[in-house]
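According to UniProt numbering, the residues represented by the sequence shown are 1 to 431, in order. Report on one structure; see the data block that follows.
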Amino acid sequence: MKYGQNLQARSVPQWAPYNVDYDALKHLIKTNTTRDAGQAVAIPGQVDTALQRFEAQFFNELSNQHDRVGLFVRSKADEIDRRLQSSKKSLLRLLERCTSRNGKPLSQKRREKFARYDDRIEKCGEEIRLLRRFVKEQKVAFYKILKKYKKWTGSRAVEERFNYEILASPKSFSRTDFDTLHAQYVELISSIRASTPDSSGPITPSSGSRRPSTQNALHEPPQVYWNEYDHGSEADDEPYMISVNADEESSFPGAKAFGYVMSKAFVPVGMMRHWLSPGPAPNERRALLGNNYFDHTDVEDEAYASSSEFPSGYVTHYATFPSVEDQRISRHQETLLLQACIASFGAAFILLLIASILVATGRHKLLLEVDAGVITGVVASLFFALMGFACMLYRTDKLSWFHRLFVLVTFLGVCTLDGMLLVIVAENTAL
Numbered sequence: 001m002k003y004g005q006n007l008q009a010r011s012v013p014q015w016a017p018y019n020v021d022y023d024a025l026k027h028l029i030k031t032n033t034t035r036d037a038g039q040a041v042a043i044p045g046q047v048d049t050a051l052q053r054f055e056a057q058f059f060n061e062l063s064n065q066h067d068r069v070g071l072f073v074r075s076k077a078d079e080i081d082r083r084l085q086s087s088k089k090s091l092l093r094l095l096e097r098c099t100s101r102n103g104k105p106l107s108q109k110r111r112e113k114f115a116r117y118d119d120r121i122e123k124c125g126e127e128i129r130l131l132r133r134f135v136k137e138q139k140v141a142f143y144k145i146l147k148k149y150k151k152w153t154g155s156r157a158v159e160e161r162f163n164y165e166i167l168a169s170p171k172s173f174s175r176t177d178f179d180t181l182h183a184q185y186v187e188l189i190s191s192i193r194a195s196t197p198d199s200s201g202p203i204t205p206s207s208g209s210r211r212p213s214t215q216n217a218l219h220e221p222p223q224v225y226w227n228e229y230d231h232g233s234e235a236d237d238e239p240y241m242i243s244v245n246a247d248e249e250s251s252f253p254g255a256k257a258f259g260y261v262m263s264k265a266f267v268p269v270g271m272m273r274h275w276l277s278p279g280p281a282p283n284e285r286r287a288l289l290g291n292n293y294f295d296h297t298d299v300e301d302e303a304y305a306s307s308s309e310f311p312s313g314y315v316t317h318y319a320t321f322p323s324v325e326d327q328r329i330s331r332h333q334e335t336l337l338l339q340a341c342i343a344s345f346g347a348a349f350i351l352l353l354i355a356s357i358l359v360a361t362g363r364h365k366l367l368l369e370v371d372a373g374v375i376t377g378v379v380a381s382l383f384f385a386l387m388g389f390a391c392m393l394y395r396t397d398k399l400s401w402f403h404r405l406f407v408l409v410t411f412l413g414v415c416t417l418d419g420m421l422l423v424i425v426a427e428n429t430a431l
């Protein structure tokens, strides 16, 4: 595999945008060293001006790449140094507070602070190691691209100039001293692990979150943030207080009165919904096993006997695989039948209303046409009423007595009113 393809993996993947653009430099060399018909051929014994121009261009590009990488390395090293200094100050303040506790046991909150500082310092040490690896790989990339340039051009001028003017400079990132940062890291990590009181080892922040059911919620540290490194706040142990004015009006004037009126208005709607909703199936609440079966089981088995993962209204089958898909289809059919029942009775009443209007307004005009329209509306109304009643009978859910009685009374009412309209039409025809 070519070096340009695995440079990102050999370096630090999360810092890939700051790597040397090896492929671009390689393409630049190839473009300016490939002989073609449009490029002049240097005369032996004469100065190759094209090569000189390219050497100057390539050196400038190398310098720019070096400066870009160096800027990132310096910024990252300064960031790690600031974080180590801040952690050192915070650790010293915490140790001072711990030494003045007069023999009292260390609180859980301070133990978690020790763990948080330990984790923060460990991250700094990891980034120091990654930064050393990053710098080493960038130096290898520059070495390989200069070697390729010398192979394709046969000139060592750029390599010698770059090594002397750039890499040999004390400001070059290749001469960055990470020993000081590493010494600070070793000093801090040794200090915190040697000074952690009442503990044989550091408490990792993740140790308290592996079993949330066994931990007290009061022991969880509050999640606070630092404006630069997204770490915990270094505030003292004073409690926080939030003041809320309960008497303050938090919405528009009259909101309480409006809410009271709306709550009272929706009471009849809720009652009607409860009456019309189907009751639970008889096998939903029936125990599959005996009543005393679970008296001899383990407490841990309750997690495997829970049916909370199934949708509401579905029956749980413990002896076989859950037939959720079949039950979902059945529930969908029940919903469609309920909606069809309501729509059918609604259409029946609308047609009944239209027929009544025709009888009332067209008594003395166009008697034959009006009577035909009324008879058609009555027949259609009876058809829709019969469809609604059939939808109720076809349902498999256990319906409440009020639901069945309401549908029956509605069906009989539509039939009675349609019969009255037919009697009126017959009387008009006889007259």
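Glycine included, C-beta positions come from ideal geometry on N, C-alpha and C. From a predicted model like this one, the values you see are computed outputs, not experimental measurements.
Between the CA atoms of K256 and F411 - distance to the nearest angstrom: Residue mapping note: residue 411 aligns to position 411 of the sequence shown, counting from 1. Residue mapping note: residue 256 aligns to position 256 of the sequence shown, counting from 1. Approximately 42 Å between the Cα atoms of the pair.
Alpha helix (DSSP H) segments (min. 4 residues) lying fully within the segment 145-201: 157-162 and 179-195
Chain C within 8 Å of V359, Cβ atoms only: Given the protein chain composition of this structure (a single chain), no chain C is represented.
Alpha-carbon spacing of M387 relative to V261, whole angstroms: For the purposes of this step, residue 387 is taken as residue 387 along the sequence shown, with counting starting at 1. For the purposes of this step, residue 261 is taken as residue 261 along the sequence shown, with counting starting at 1. Distance between the alpha carbons of M387 and V261 is about 38 Å.
Of the residues G377, A426 and A50, the one placed nearest L353, counting alpha carbons only: For the purposes of this step, residue 353 is taken as residue 353 along the sequence shown, with counting starting at 1. The candidate whose alpha carbon is nearest that of L353 is G377.
N-terminal and C-terminal residue of the alpha helix (DSSP H) that N6 is part of: Within the sequence shown, the letter at position 6 stands for residue 6. That run of the alpha helix (DSSP H) goes Y3 to R10.
Spatially closest choice to residue 449 from Y185, R328 and N6, by CA coordinates: Limits of the chain in this structure are 1 at one end and 431 at the other, which puts residue 449 out of reach.
Three-way DSSP call (helix, strand, coil) for N32 in this model: Indexing the sequence shown from 1 puts residue 32 at position 32. It is helical.
Alpha carbon of V409 to alpha carbon of A380, nearest angstrom: Indexing the sequence shown from 1 puts residue 409 at position 409. Indexing the sequence shown from 1 puts residue 380 at position 380. If you take the alpha carbons of V409 and A380, they lie about 19 Å apart.
Unbroken stretches of the alpha helix (DSSP H), 4 residues or longer, contained in the segment 43-90: none
Segment contact flag, the segment 189-196 with the segment 169-181, C-beta cutoff 8 Å, min 3 pairs: no
Alpha-carbon to alpha-carbon, T49 and F178: If you number the sequence shown from 1, residue 178 lands on position 178. If you number the sequence shown from 1, residue 49 lands on position 49. When rounded, the separation of the alpha-carbon atoms in F178 and T49 is 43 Å.
Nearest to A157 (by Cα), restricted to the options Q57, L422 and A347: Counted from its first residue, the sequence shown places residue 157 at position 157. The shortest Cα separation from A157 among Q57, L422 and A347 belongs to Q57.
Alpha-carbon spacing of A183 relative to S90, whole angstroms: Along the sequence shown, read from residue 1 onward, the residue named residue 183 stands at position 183. Along the sequence shown, read from residue 1 onward, the residue named residue 90 stands at position 90. For A183 and S90, the distance between alpha carbons rounds to 18 Å.
Residue 432, enclosing alpha helix (DSSP H) - first and last residue: Lying outside 1 to 431, the shown extent of the chain, residue 432 is not represented and no answer is given.
Where D23 falls: helix, strand or coil (DSSP): One-based indexing of the sequence shown puts residue 23 at position 23. Of the three classes helix, strand and coil, the one that applies to D23 here is helix, per DSSP.
Y22 and A141 closer than 8 Å at C-beta: Here residue 22 refers to the residue found at position 22 when the sequence shown is read from its first residue. Here residue 141 refers to the residue found at position 141 when the sequence shown is read from its first residue. Result yes, Cβ atoms of Y22 and A141 sit closer than 8 Å.
Close beta carbons around G4, own chain, < 7 Å, minus the five adjacent residues each side: Here residue 4 refers to the residue found at position 4 when the sequence shown is read from its first residue. Answer for G4: Y22, D23 and K26, listed in chain order.
Nearest-angstrom Cα separation, counted from I166 out to L146: By 1-based counting over the sequence shown, the position of residue 146 is 146. By 1-based counting over the sequence shown, the position of residue 166 is 166. The straight-line gap from Cα to Cα measures roughly 13 Å.
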